[in-house]
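Residue numbers (full-length UniProt numbering): 1 to 180. Beta carbons are placed, not taken as given, at the ideal position from N, Cα and C, and that holds for glycine. This structure is a prediction, so every number in the text was calculated from the model and none was measured.
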């Protein structure tokens with residue numbers, strides 16, 4: 001757990017686990033600022049993430065994501081902030097292993113079934129969420145990427161919340177209980 005008063009809450013987890021929805025609710029409840037890292041990157045680059053990845057590749061996107069994460073955590077003027085990260089932010093291990101002492105990292109954990117169901121219902125998935133592997137099959141892709149990332153989510157997060165059967169309001173309430 002953070003070693004001082006919490007001023008930043010970092011929401012991490014796989015795609016479609018509710019980071020943005022819960023982040024907005026949480027920021028509103030706390031009266032804090034809110035940043036969705038994917039939205040901020042799209043705004044700064046003037047393109048959808050899928051376009052950025054298609055044109056310049058995942059390494060380029062991850063480099064931009066890395067710079068934004070460092071800016072938010074270490075250089076932000078906004079002292080109290082809820083941050084919805086991209087699902088792959090845990091790949092920036094060096095930054096997450098050195099989180100500021102006022103930052104609470106929360107893993108929104110969902111089952112494979114929940115992730116698949118939410119992604120299939122999300123009309124934005126196809127154009128906003130580029131393939132993460134060359135699997136071709138979305139189920140195998142999710143399983144492969146979860147196998148890679150779950151140990152990282154576990155390592156870098158202070159708390160994990162299973163979101164399968166919770167509403168965004170319930171998830172936000174659980175996070176609030178840790179943040180206060």
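- Could you have a look at residue 88 and say whether DSSP puts it in helix, strand or coil? Reduced to three states, the DSSP call for residue 88 is helix.
- Query: Going straight from the alpha carbon of residue 206 to that of residue 144, what length do you get?
  - Reply: One cannot answer for residue 206 here, as it falls past the ends of the chain, which runs 1 to 180.
- Query: Starting from residue 16 and walking both ways along the alpha helix (DSSP H), at which residues does that stretch end?
  - Reply: That residue, residue 16, is in no alpha helix (DSSP H); it is neither H nor E in DSSP.
- Nonlocal neighbours in the same chain, by C-beta distance under 7 Å from residue 58, ignoring five residues either side: none
- Boundaries (first-last residue) of the beta strand (DSSP E) holding residue 106: 103-109
- Task: Jot down the residue ranges of each uninterrupted beta strand (DSSP E) in the segment 45-84, minimum 3 residues, whole runs only, in chain order.
- Result: 81-84
- Query: Does the distance from the C-beta atom of residue 37 to that of residue 89 stay below 8 Å?
  - Reply: yes
- Look at the alpha carbon of residue 172 and the alpha carbon of residue 11, and state the distance between them as a whole number of angstroms. Between the alpha carbons of residue 172 and residue 11 lies a gap of roughly 11 Å.
- Any chance the segment 19-27 sits against the segment 162-176, with 3 or more Cβ pairs inside 8 Å? yes
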